[in-house]
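Novice: Structure provided below as structure tokens; questions to follow.
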Amino acid sequence: MVYKKFIEFVQALYPERKPVFLHEPCFIGNEKKYVQDAIDSTFVSSIGKYVDRFEEELAKALRAKYAVAVVNGTSALHVSLILSGVQQNHEVITQPLTFVATCNAISYCNASPVFVDVDMDTLGMSPDSLEAFLSENTYIENNKCYNKRTKRIISACVPMHTFGHPCKIGRIKQVCDKYHITVIEDAAEAVGSVYEGKPVGTFGKLGVISFNGNKIITSGGGGAIVTNDKDLARKAKHLTTTAKISHPWKYEHDQVGYNYRMPNINAALLCAQLEQLDFFIENKRETARLYKNFFSREKSMKFVEEPKGCKSIYWLNAIQLADMETRDEFLKTTNESGVMTRPIWTLMNRLKMYKDVESYHLVNAKKLEQTIVNLPSSVRI
Ligand SMILES: *Cc1c(COP(=O)(O)O)cnc(C)c1O
Numbered sequence: 001m002v003y004k005k006f007i008e009f010v011q012a013l014y015p016e017r018k019p020v021f022l023h024e025p026c027f028i029g030n031e032k033k034y035v036q037d038a039i040d041s042t043f044v045s046s047i048g049k050y051v052d053r054f055e056e057e058l059a060k061a062l063r064a065k066y067a068v069a070v071v072n073g074t075s076a077l078h079v080s081l082i083l084s085g086v087q088q089n090h091e092v093i094t095q096p097l098t099f100v101a102t103c104n105a106i107s108y109c110n111a112s113p114v115f116v117d118v119d120m121d122t123l124g125m126s127p128d129s130l131e132a133f134l135s136e137n138t139y140i141e142n143n144k145c146y147n148k149r150t151k152r153i154i155s156a157c158v159p160m161h162t163f164g165h166p167c168k169i170g171r172i173k174q175v176c177d178k179y180h181i182t183v184i185e186d187a188a189e190a191v192g193s194v195y196e197g198k199p200v201g202t203f204g205k206l207g208v209i210s211f212n213g214n215k216i217i218t219s220g221g222g223g224a225i226v227t228n229d230k231d232l233a234r235k236a237k238h239l240t241t242t243a244k245i246s247h248p249w250k251y252e253h254d255q256v257g258y259n260y261r262m263p264n265i266n267a268a269l270l271c272a273q274l275e276q277l278d279f280f281i282e283n284k285r286e287t288a289r290l291y292k293n294f295f296s297r298e299k300s301m302k303f304v305e306e307p308k309g310c311k312s313i314y315w316l317n318a319i320q321l322a323d324m325e326t327r328d329e330f331l332k333t334t335n336e337s338g339v340m341t342r343p344i345w346t347l348m349n350r351l352k353m354y355k356d357v358e359s360y361h362l363v364n365a366k367k368l369e370q371t372i373v374n375l376p377s378s379v380r381i
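Positions 1 to 381 (the numbering used here) are the ones given, in order, by the sequence shown.
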């Protein structure tokens, strides 16, 4: 039957891997050399050449002006929200279909998320849903957008590029500009993905990337903030390094800062990973092509393809099944056979911390929540 064929197909994609994991890191470049060098230098912590080098190289790879390396993607989101002016009792629009970090970072600012629907083709925020929500439920006063019902300021919007597939970020940006809302891209899963010829993470005022162990490139734990704004880049660096005023010996800090900087030893690992990003992307796109080909013969399973006009890194491959029962059967059969598959996230508005949050017609999100499954997607060597 079809599940058996699928299991054999995945085992052939990843021979000698038992079980076949969802996403394993891949260290086949200069990782050991650079990490050894960082250790030998004794600069393993808050200063050292690899952090600066990584920031320069990441910015170059994404054709952005600046990148600031931090301890993880969640802290990158937190600081980006602060720098966008998100304050206590503000609201921040995001999507219900995301990893919990997106919403948690909003909560760290004592702000509240508002959920709009996602698109079926991108799995990311729907600009139509966003625009409909804003036109029905908000008004503008003194260049600020207010929620009619709560009278609270909506200061930012955080669309997320699900599994590496770019959402319709061009239109989202247009809509947000019209309503005086700052866009922060959660590009945690999509470093290297391209929307209409431009890398994602560079459309919003700030873009956020994660280098957690399961992402396409990793520093063990790590993240980055990307921006074209010199002043914001400077502030991001300042806020993530305890807001210390630069001085040869004096300890002086001019605001409540955060200890969010990426250690040099992690940056060393990451410099080696970044050298291989293009190879990883091509490798993963080839895997996606093989999956697509396999599923083209299976009517009951729809492969999630990169949206039109985009180049996706296919961080995690995904399929859509007919309904929840079929999905559960698929998850059970594959996991019991040593092929790791996972359902997409539980919608954020179902989690108890976010159950009372405003949600706007989450039709597609509900359908996708029940039917999307992730497939093994590690780099193949
Ligand atoms: C991984 C991820 C994050 C958080 O990154 P960490 O480095 O784990 O803190 C945020 N948002 C999304 C969508 C993610 O997938």
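Here a beta-carbon is modelled for each residue, glycine too, at the ideal position from N, C-alpha and C.
(1) The beta strand (DSSP E) that contains T182, what's its start and end?
(2) Is G222 near ligand 1, judged by its Cβ being under 8 angstroms from some heavy atom?
(3) Have a look at the DSSP bridge pairing and note the partners of R261.
(4) Give me the residue from K237, S219, T218, G220 with the minimum Cα distance to T227.
(5) Residues in the same chain with beta-carbon distance under 6 angstroms from A59, minus the five sequence neighbours each way, listed in chain order, please.
(6) Three or more C-beta pairs closer than 8 angstroms, one from the segment 263 to 272 and one from the segment 31 to 48: is that the case here?
(7) Which word fits E329, buried or exposed, when buried means at least 16 other C-beta atoms lie within 10 angstroms of its C-beta?
(8) Locate the beta strand (DSSP E) running through Q320, then write down its first and last residues.
(9) Under a Cβ-count criterion, where at least 16 other Cβ atoms within 10 Å of its own Cβ denotes burial, should N143 be classed as buried or exposed?
(10) E282 to I313, Cα distance in whole Å?
(11) Could you name the residues of the same chain whose beta carbon sits closer than 8 angstroms to that of R63, not counting the 5 residues immediately before and after it, in chain order?
(12) Any heavy atom of ligand 1 closer than 8 angstroms to the CB of F115?
(13) Let me know if N110 comes out buried or exposed under the rule of 16 or more other beta-carbons within 10 Å of its beta-carbon.
(14) Is the beta carbon of K244 sitting closer than 9 angstroms to the one on D229?
(15) Can you give me the C-alpha to C-alpha distance between K148 and E141, rounded to a whole angstrom?
(16) Taking 8 angstroms as the limit between beta carbons, can you name the residues of its chain near V208, skipping five residues before and five after?
(17) Of the choices S246, T240, H247, whose alpha-carbon is the least far from that of V256?
(18) Does the structure place the segment 16 to 28 close enough to the segment 327 to 346 that three or more beta carbon pairs sit under 8 angstroms?
(19) Nearest to M353 by CA position, among F43, K49, D177, V100, is which residue?
(20) What are the boundary residues of the beta strand (DSSP E) that includes N147?
(21) Check whether the segment 347 to 363 touches the segment 286 to 306, counting contact only when three or more Cβ pairs, one atom from each stretch, lie closer than 8 angstroms.
(22) Specify whether the segment 150 to 163 and the segment 83 to 102 touch according to this definition: at least 3 beta carbon pairs, one from each stretch, less than 8 angstroms apart.
(23) So does K215 have its beta carbon nearer than 8 angstroms to some heavy atom of ligand 3?
(24) Is the closest heavy atom of ligand 1 to the C-beta of L77 under 8 angstroms?
(25) Is it true that the CB of R261 sits closer than 9 angstroms to the CB of A69?
(26) What number of angstroms, rounded off, separates the C-alpha of W345 from the C-alpha of I47?
(27) Would the beta-carbon of T94 be found less than 8 angstroms away from any heavy atom of ligand 1?
(28) My output table needs one value for R63: the three-state DSSP class, helix, strand or coil.
(29) Can you tell me the Cα-Cα spacing of S378 and T182, whole angstroms?
(30) Could you tell me whether the Cβ atoms of V114 and S126 are closer together than 9 angstroms?
(31) Is K178 helix, strand or coil when you go by DSSP?
(32) Excluding sequence positions up to five away, which residues of its chain have a Cβ less than 7 angstroms from the Cβ of R171?
(33) Is M125 a contact residue of ligand 1, with contact defined as CB to any heavy atom under 8 angstroms?
(34) Quick one: Cα of V373 to Cα of M120, how far?
(35) By a C-beta neighbour count over all protein chains shown, 10 Å radius and 16 as the cutoff for buried, is E55 buried or exposed?
Specialist: In short:
(1) 182 to 186
(2) yes
(3) V70
(4) K237
(5) Y66, A67
(6) yes
(7) exposed
(8) 317 to 320
(9) exposed
(10) 8 angstroms
(11) K198, P199, T202
(12) no
(13) exposed
(14) no
(15) 11 angstroms
(16) G73, A76, L77, S80, I184, E185, D186, A187, A188, G201, G223, A224, I225, V226
(17) T240
(18) yes
(19) V100
(20) 144 to 147
(21) no
(22) yes
(23) Ligands present in the displayed structure are limited to ligand 1, and ligand 3 is not among them.
(24) yes
(25) yes
(26) 37 angstroms
(27) no
(28) coil
(29) 34 angstroms
(30) no
(31) helix
(32) P127
(33) no
(34) 14 angstroms
(35) buried
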